[in-house]
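Respectively, the protein sequence lines represent chains A and B. Quick note on numbering: the first sequence equals residues 689 to 1038 in the numbering used here. Quick note on numbering: the second sequence equals residues 249 to 358 in the numbering used here. Quick notes on the structure that follows.
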Amino acid sequence: MGLSLLARHNPLAATDHQRQVLAGTLACPPFDERLGQIDLRPLRATGITVFQMNVGKLCNQTCRHCHVDAGPDREERMTRETAELCLRLLEQTQIPTVDITGGAPELNPNFRWIVEEAKRLGRHVMDRCNLSVLLLPSQTGLTEFLARHQVEVVASLPYFSSTQTDAQRGEGVYDKSIQALTLLNASGYGREGSGLVLNLVHNPVGAFLPAKQPAVEAQFRKELLRRHGITFNRLYTITNMPISRFLEFLLNSGNYEGYMQRLANAFNPAAAAGVMCRYTLSIGWDGTLYDCDFNQMLDLPIGDPQLRHVRHLTPARLTALHGRAIVTGNHCYGCTAGAGSSCGGSVTSS
Amino acid sequence: MDTYYHPPDLHKFADMGKGNKELWDKFMNYYSAVFADGALTEREKALIALGVAHAVQCPYCIDAYTQACLEKGSNVEEMTEAVHVSCAIRGGASLVHGVQMRNVTEKLSM
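Spelled out as structure tokens, the structure:
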């Protein structure tokens, strides 16, 4: 299994280095300039309907495209105290969805408590799951726990064959993912009438854009059923972001400028108008606030320095964030290319 | 110029519209219509285009349609089979002309 950029002392582990690379891109105009051309500058939030908690960078996998630089060697994790601050704030709002991500969020010792509390508050809870985590001996009963609390599972599976999946996520990950999906199906996830939602996430295995979401969904549905008897609800296509370990791949393979050009050429104003940062509040493992998980990984907190930590927030101050100007950069081309990309898949239907 | 083919030239394809915009626009409208979802999916059409690109041995087309195939959701196994189809037809086209050779030989021989 590979190591994180941090453990390898790779210069890209420093987010200021990543930001320098992105700012120095030759293949595309600055993203903010592009937003200006469609009268979206500054990009502003339109409210907060997703409360996204990144509970840490620890993961049992070291995927080559990971925008978090997560891995088994990462120790950052959200403490119970920070999680309590988040949930007390959530309690005072009407934000309907709690999106729990990582790393492998389930490896945070407070994961199950966070889920229970968020459900107690009547919120819809999503778990961004790498699938293989469900098979770890330390996670016994996790599938049943998720089912009992009606947690929506959003599971990463780049492709319906081992060659592509293992190339991106590590040797043997495809087989484990299939085992985990089988377990989830056996618990009712992705089965008609169960009410237990299993959505898949497809990322391209390389420096190219994802195919149209409905086409990929149909392909996955047919192939996973034919090969393994697996069913699921929806499939989301997500564009690989040119940051962290995917940025490393782009630079090492000589694809960086070409990929940025591809993203910029596919810039879609409708996708830009619908990007998820406009309705998301992203909270880092240490309680810092961001516009999205990608900004979080580039250490680009929300613009107002007085409101950069969950401890600074009251419901009134949270309301003030609804129309905030979103921090943008060239990495944002990743969310605005083609049909657009978000944690919920394509942003537009075109 | 050290070679006739330069990868960045692919992005200059639209410069062909500068000589005759009307014909270029007609070509592009037709081209877009051909590759839209129809009785065949965009993915299937990209695989056909990849095969044809190999038959006509156009490096620009191979570059463009390799990327297009990947972006339409095809994998390298499917794309390899498309190239083999192209290869088989090209090879078969040579071989079937052997019938001409046999006809001529038959006519000339005792």
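Beta carbons: idealized from backbone N, C-alpha and C, even for Gly. These figures come from a predicted structure and were not determined experimentally.
- For the region 292 to 325 of chain B, residues whose beta-carbon sits nearer than 7 Å to a beta-carbon of chain A comprise Gln315, Leu318, Glu319, Lys320, Gly321 and Asn323.
- In terms of beta-carbon proximity, A:Ala899 lines the interface with chain B, with at least one pair separated by less than 8 Å.
- At least one beta carbon of chain B lies nearer than 8 Å to the beta carbon of A:Pro892.
- B:Asp285 carries a coil assignment under DSSP once its states are collapsed to helix, strand and coil.
- Only Thr289, Glu290 and Arg291 from the region 273 to 292 of chain B bring a Cβ to less than 8 Å from some Cβ of chain A.
- When Cβ-Cβ separations below 8 Å define contact, A:Ser849 makes contact with chain B.
- Between the alpha carbons of A:Phe920 and A:Asn887 lies a gap of roughly 6 Å.
- A residue is called buried when at least 16 other Cβ atoms come within 10 angstroms of its Cβ; A:Pro846 meets this threshold and is buried.
- Listed in chain order, the positions of the region 895 to 924 of chain A with a beta carbon within less than 8 Å of a beta carbon of chain B are Phe896, Leu897, Pro898, Ala899, Lys900, Ala903, Val904 and Gln907.
- Between A:Gln852 and chain B, the shortest Cβ-Cβ separation is below 8 Å.
- Ranked by Cα distance from A:Pro892, the first of A:Gly1033, A:Glu779 and A:Val743 is A:Gly1033.
- In the structure shown, the three-state DSSP call for A:Asn928 is coil.
- Residue pairing for A:Asp761: DSSP places it in no beta bridge.
- Contact fails between the region 900 to 909 of chain A and the region 862 to 873 of chain A, because fewer than three Cβ pairs, one in each stretch, are under 8 Å apart.
- Boundaries of the alpha helix (DSSP H) around B:Val324: Val324 to Val344.
- Apart from sequence neighbours up to five positions away, the residues of its chain that approach A:Asp981 with a beta-carbon distance below 8 Å are Gln740, Asn742, His755, Val756, Thr789, Ser970 and Cys1031, ordered along the chain.
- Collapsing the DSSP output to three states places A:Asn742 in a strand.
- Of the candidates B:Asp311, B:Ile296 and B:Glu329, B:Asp311 places its Cα closest to the Cα of B:His254.
- Between A:Ser849 and B:Asn323, the C-beta spacing is below 8 Å.
- Runs of the alpha helix (DSSP H) spanning 4 or more residues and lying entirely within the region 920 to 1003 of chain A occur at 932 to 940, 944 to 953, 957 to 961 and 981 to 985, in chain order.
- Checking the DSSP bridge columns, you'll see A:Arg732 partnered with A:Ala1013.
- If you look at A:Ala843, you'll find it in the beta strand (DSSP E) that goes Glu840 to Ser844.
- In the DSSP annotation of this structure, A:Leu888 is not part of any alpha helix (DSSP H); the continuous beta strand (DSSP E) holding it starts and ends at Leu886 to His890.
- Here the region 764 to 779 of chain A lies against the region 797 to 807 of chain A, with 3 or more beta-carbon pairs under 8 Å apart.
- By the Cβ rule, the region 942 to 951 of chain A counts as touching the region 713 to 721 of chain A, because three or more pairs are nearer than 8 Å.
- The shortest CA-to-CA distance from A:Gln708 to any of A:Gln838, A:Ile931, A:Arg999 and A:Ser1037 is the one to A:Ile931.
- The C-beta of A:Ala1025 has 16 or more other C-beta atoms within 10 Å across all chains shown, which makes the residue buried.
- Around the beta-carbon of A:Leu913, fewer than 16 other beta-carbon atoms lie within 10 Å, marking it exposed.
- Taking A:Arg1005 as the centre and dropping the five residues before and after it, the same chain places the C-beta of Leu995 closer than 8 Å to its C-beta, in chain order.
- Taking the C-beta atoms as reference points, B:Ser342 is found no nearer than 8 Å to B:His302.
- By a beta-carbon distance limit of 8 Å, A:His837 contacts A:Val813. Their separation comes to about 7 Å.
- In this structure, the CA atom of B:Leu318 is about 11 Å from the CA atom of B:Leu298.
- The C-beta of B:Asp263 has fewer than 16 other C-beta atoms within 10 Å across all chains shown, which makes the residue exposed.
- Per DSSP, A:Arg696 lies in no beta strand (DSSP E) and is assigned neither H nor E.
- Our two residues, A:Val889 and A:Gly1028, have alpha carbons roughly 14 Å apart in a direct line.
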